[in-house]
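Q:
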Amino acid sequence: MEPHYKKSLLLVLAVLLFRLNLFSQKELDIWYFGNKAGISFVNGGPIALLNNNEFIPGYSSTISDSSGNLLFYGQIRLLNRNHTLMPNGDLGTTGGHGMIGIQTKIPDTIYYIFHVDGFGLPNPSVHEGLTYSILNMNLDNGLGDIEPSKKSIPLCGASQAFGCITATRHSNNHDAWIISRIHDPDSNFYVSYLLNDNGVVDQPVFSNSGVFLDYSISTMIQALKISQDGKHLVCCYSDRFEVCSFNTATGEIQPKFTIIPSYIPVGPCFPDDLAFSVDGKFVYVACHYYCTAISGCAAVFQYNMERGDSLSFKDSEKFIAIGSLMGIHLGPDNKIYATQTFTDSLSVIHHPSLPGSACQWQKNYLSLQGRQSGIGLSQGLQRYFAYINHSGQCQGMPVSFSPNTYPAPDSLWWNFGDPASGSANTSIDSTPQHIYTNSGSYTIQMIVKHIDNRYDTAIFHLFIEPQPIPNLGPDITVCENQAVILDAGYNPEWTYLWNTGATSSSITVDTSGTYSVTVSSQSGCSGSDSINVFIGQGTKPPPRLIKHD
Numbered sequence: 008m009e010p011h012y013k014k015s016l017l018l019v020l021a022v023l024l025f026r027l028n029l030f031s032q033k034e035l036d037i038w039y040f041g042n043k044a045g046i047s048f049v050n051g052g053p054i055a056l057l058n059n060n061e062f063i064p065g066y067s068s069t070i071s072d073s074s075g076n077l078l079f080y081g082q083i084r085l086l087n088r089n090h091t092l093m094p095n096g097d098l099g100t101t102g103g104h105g106m107i108g109i110q111t112k113i114p115d116t117i118y119y120i121f122h123v124d125g126f127g128l129p130n131p132s133v134h135e136g137l138t139y140s141i142l143n144m145n146l147d148n149g150l151g152d153i154e155p156s157k158k159s160i161p162l163c164g165a166s167q168a169f170g171c172i173t174a175t176r177h178s179n180n181h182d183a184w185i186i187s188r189i190h191d192p193d194s195n196f197y198v199s200y201l202l203n204d205n206g207v208v209d210q211p212v213f214s215n216s217g218v219f220l221d222y223s224i225s226t227m228i229q230a231l232k233i234s235q236d237g238k239h240l241v242c243c244y245s246d247r248f249e250v251c252s253f254n255t256a257t258g259e260i261q262p263k264f265t266i267i268p269s270y271i272p273v274g275p276c277f278p279d280d281l282a283f284s285v286d287g288k289f290v291y292v293a294c295h296y297y298c299t300a301i302s303g304c305a306a307v308f309q310y311n312m313e314r315g316d317s318l319s320f321k322d323s324e325k326f327i328a329i330g331s332l333m334g335i336h337l338g339p340d341n342k343i344y345a346t347q348t349f350t351d352s353l354s355v356i357h358h359p360s361l362p363g364s365a366c367q368w369q370k371n372y373l374s375l376q377g378r379q380s381g382i383g384l385s386q387g388l389q390r391y392f393a394y395i396n397h398s399g400q401c402q403g404m405p406v407s408f409s410p411n412t413y414p415a416p417d418s419l420w421w422n423f424g425d426p427a428s429g430s431a432n433t434s435i436d437s438t439p440q441h442i443y444t445n446s447g448s449y450t451i452q453m454i455v456k457h458i459d460n461r462y463d464t465a466i467f468h469l470f471i472e473p474q475p476i477p478n479l480g481p482d483i484t485v486c487e488n489q490a491v492i493l494d495a496g497y498n499p500e501w502t503y504l505w506n507t508g509a510t511s512s513s514i515t516v517d518t519s520g521t522y523s524v525t526v527s528s529q530s531g532c533s534g535s536d537s538i539n540v541f542i543g544q545g546t547k548p549p550p551r552l553i554k555h556d
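The letter at position 323 of the sequence shown is residue 330 when you use the numbering used here, and the numbering goes up by one with no holes.
1) Starting from Lys321, follow the alpha helix (DSSP H) in both directions and report where the run begins and ends.
2) Please report the straight-line C-alpha distance between Ala427 and Ala393, rounded to a whole angstrom.
3) Indicate the three-state DSSP secondary structure (helix, strand or coil) for Asn539 in the structure shown.
4) Go through its chain and collect everything with a Cβ distance to Ser446's Cβ below 7 Å, but skip five positions before and after it.
5) Give me whichever residues DSSP pairs with Ala306 in a beta bridge.
6) Using three-state DSSP, classify Gly127 as helix, strand or coil.
7) Thinking just about the alpha-carbon of each residue, which of Gln309, Asp246 and Gly383 is nearest to the one in Pro64?
8) By the 10 Å Cβ neighbour count, where 16 or more other Cβ atoms means buried, how is Ile189 classified, buried or exposed?
9) Quick one: residues in its chain with C-beta nearer than 6 Å to the C-beta of Ser418, no 5 flanking neighbours on either side, listed in chain order?
10) Using a Cβ-Cβ cutoff of less than 6 Å, which residues in the same chain neighbour Ser166 once the five nearest sequence positions on both sides are dropped?
11) My understanding is that Ser527 touches Trp501, with C-beta atoms under 8 Å, so please give their C-beta distance in whole angstroms.
12) With DSSP run on the structure shown, which of helix, strand or coil describes Asp182?
13) Indicate the three-state DSSP secondary structure (helix, strand or coil) for Ala256 in the structure shown.
14) If distances are taken between C-alpha atoms only, which option among Asp147, Ala431 and Pro268 comes closest to Arg88?
15) For Asp463, which residues does DSSP report across the bridge?
16) Please report the residue range of the beta strand (DSSP E) in which Asn371 lies.
17) So, do the stretch 66-79 and the stretch 37-56 have three or more beta carbon pairs nearer to each other than 8 Å?
18) How long is the line joining the alpha carbons of Lys263 and Asn478, rounded to whole angstroms?
19) Expressed to the nearest angstrom, what Euclidean distance is found between the alpha-carbon atoms of Asn42 and Leu86?
20) To the nearest angstrom, how far is the alpha carbon of Thr101 from that of Gly170?
21) According to DSSP, is Asp36 helix, strand or coil?
22) How long is the line joining the alpha carbons of Ala44 and Phe196, rounded to whole angstroms?
23) Closest to Gly149 by C-alpha separation, out of Leu77, Gln379, Ala431 and Gly399, would be which residue?
24) Work out the CA separation of Phe283 and Pro359 for me, nearest whole Å.
25) Identify, in the order they occur along the chain, each residue of the same chain with its Cβ nearer than 7 Å to the Cβ of Ser194, setting aside the five sequence neighbours on each side.
26) Quick one: what's Arg84 bridged to in DSSP?
27) Kindly list the residues whose CB is nearer than 8 Å to the CB of Val49, restricted to its own chain and excluding five residues on each side of it in sequence; keep chain order.
28) Inspect the beta-carbon positions of Cys243 and Pro278 and report whether they are closer than 7 Å.
29) Looking at C-alpha atoms only, which residue of Asn145, Glu487, Tyr296 and Tyr139 is the closest neighbour of Thr518?
30) If you pair each beta-carbon of the stretch 449-468 with each one of the stretch 367-381, do three or more pairs fall below 8 Å?
31) Could you tell me the boundaries of the beta strand (DSSP E) in which Leu146 lies?
32) Looking only at its own chain, which residues have a Cβ that is under 7 Å from the Cβ of Gly399, when we skip the five neighbours before and after it?
33) How big is the Cα-Cα spacing for Ala174 and Asp425?
34) Where in the stretch 373-431 do unbroken runs of the beta strand (DSSP E), each at least 3 residues long, occur, reported from the N-terminal end onward?
Structure below.
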């Protein structure tokens, strides 16, 4: 499949949501995409939806209210909750890899709709660049519509913005940055716009890019996304992708390096889309390569965002999957979902925060119940997130917990799922510890209060492993010259360390003293015991065995 044809499929309208006041977990929990396909995460999900009547071959977006009730969705056309076109909802552009609906001032009522067009290569004679419209949910008897006098308003300095758009929060956790890429040989920039309660600040922030763009196929913009915490930005071009840092206080972008994905056996792989893990540790890049399949061929690579230079970053590259042309996106359940073009299912990366094959790619994970995916999925703004980190998993030993949240929490409340521990079962510390006296499965809950009085809840399931318990028995006195065998109990999965330096499960001693042993499991759980041995005077009887029971 040729790159310019691929681009024409990818560059359709996508909507992202961000609210400048309270932000809830369910506003992006419905996705409509592809050939009348849809899925819902509202009740946990995902489950297939069969009420989409729109053909959306590329990127789209779906906006719901704070309870997960559908408000509108769109591509080049905006449809209301009844799945009909809004009276003024035809935006009349060629579409782009991005349109952002950002809610402001009045909850579930006013949305700023930012959109950037793009179809094939930029055509200055018809190219509108980055524009915005205002959608009022009170219009059309509460079904919502674009306000006629506030439709497709051009943004200063963005007439040559093209192809892609993304958004993230300002460092004040209230305002938002809208980010796009200028596709002009004379203006090699990223551009960021601030949106606050007063509207769009008409003073764009321009940042240099390390990739020179002309009007050739090889420099077409494919995708632009930012990590959940707003720190990392990656832009995919036709033959490479650029890794950048982002400053959420100023809107400035700092290019770091560009990467060309490795060749696969049939040749080069051209980046199309990307998705970050929820913690921003890994980025996944989907790229296509030439093949004879009608639906095209694609591969997914994983890269470690903690690698700060191009060589180590490229060295972290892991091949994850292969299939037909893919769009990939992070879901509300923190899994990454992937289309495989014109098929009736979605594939998934179950654990995007784990390296290599541990991320667990599963092809054809979710049936679309006869509907078909396109190349893109329903896009959404990087949402607030709450994630639990922990260290330790052993019975009788401290387990440490810490929050991984964005933004930084105002306060925390923990429940360790261990009611038998009494008052120790809860904590308001930022990095608490808990000791589980029994092994088994526990459910840990962390409730996060944000500075805007919004709450998030994170759940983590933890298995506490049994503690190895050696038992050397009571102290012992034996006759002079008697040898004593001390036995900690043999287990092939344990390691042993005696204070004598021995590493076997048992030792023989013939000298008075205190003897101790530490037994460790393969996961690092350990237990210890000690015994006092006194050698008295007398004849020499046979050795006495002190055995673990």
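Even glycine gets a Cβ: it sits at the ideal position worked out from N, Cα and C.
A: So, from the data block:
1) Where Lys321 is concerned, the enclosing alpha helix (DSSP H) stretches over Ser317 to Asp322.
2) For Ala427 and Ala393, the distance between alpha carbons rounds to 26 Å.
3) The answer is strand: DSSP assigns Asn539 an E or B state.
4) Gln402, Ile471, Glu472 and Pro473, listed in sequence order.
5) Ala306 is bridged to Cys294 and Ile329.
6) Here the model assigns Gly127 a pLDDT of 45, short of 50, so the residue's position is not dependable, and the following value carries that caveat. Of the three classes helix, strand and coil, the one that applies to Gly127 here is coil, per DSSP.
7) Minimum Cα distance to Pro64 is reached at Gly383.
8) Using a 10 angstroms sphere on the CB of Ile189, the tally of other CB atoms reaches 16 or more, which defines it as buried.
9) Taken in chain order, the residues that qualify are Lys456.
10) The residues are Gly136.
11) Between the beta-carbon of Ser527 and that of Trp501 there is about 7 Å, and that keeps the pair under the 8 Å contact cut.
12) Three-state DSSP puts Asp182 in coil, outside helix and strand.
13) Here DSSP, grouped into helix, strand and coil, assigns Ala256 to coil.
14) Ranking Asp147, Ala431 and Pro268 by Cα distance to Arg88 puts Asp147 first.
15) According to the DSSP secondary-structure assignment, Asp463 is paired through a beta bridge with Val455.
16) It spans Trp368 to Ser374 - the beta strand (DSSP E) in which Asn371 sits, taken as one unbroken run.
17) Counting Cβ pairs under 8 Å, three or more are found: they touch.
18) The alpha-carbon separation between Lys263 and Asn478 amounts to approximately 57 Å.
19) If I take the Cα positions, the gap works out to 15 Å.
20) Interpretation of Thr101 is limited by its pLDDT of 49, a score under 50 that renders its predicted location unreliable; the figure taken from the coordinates is listed afterwards. Distance from the CA of Thr101 to the CA of Gly170, rounded to the nearest whole angstrom, comes to 10 Å.
21) Asp36 falls in the coil class under three-state DSSP.
22) For Ala44 and Phe196, the gap between their C-alpha atoms comes out near 36 Å.
23) Ranking Leu77, Gln379, Ala431 and Gly399 by Cα distance to Gly149 puts Leu77 first.
24) One C-alpha to the other measures close to 8 Å.
25) Within the same chain, and ignoring the five residues on either side of Ser194 in sequence, the residues whose Cβ sits closer than 7 Å to its Cβ are Gln167.
26) DSSP lists Asp97 as partners of Arg84.
27) Here the set comprises Lys33, Asp36, Ile37, Ser71 and Gly75.
28) Yes, they are a contact pair.
29) Ranking Asn145, Glu487, Tyr296 and Tyr139 by CA distance to the CA of Thr518 puts Glu487 first.
30) The stretch 449-468 is not in contact with the stretch 367-381.
31) Secondary structure note for Leu146: it is in no beta strand (DSSP E), and the uninterrupted alpha helix (DSSP H) holding it is Leu146 to Gly149.
32) If we look at Gly399 and ignore the five residues flanking it on each side, its Cβ neighbours are Pro405, Val406 and Ser407.
33) Approximately 40 Å between the Cα atoms of the pair.
34) If we require 3 residues or more, the beta strand (DSSP E) runs fully inside the stretch 373-431 come out as 392-398, 405-413 and 418-422.
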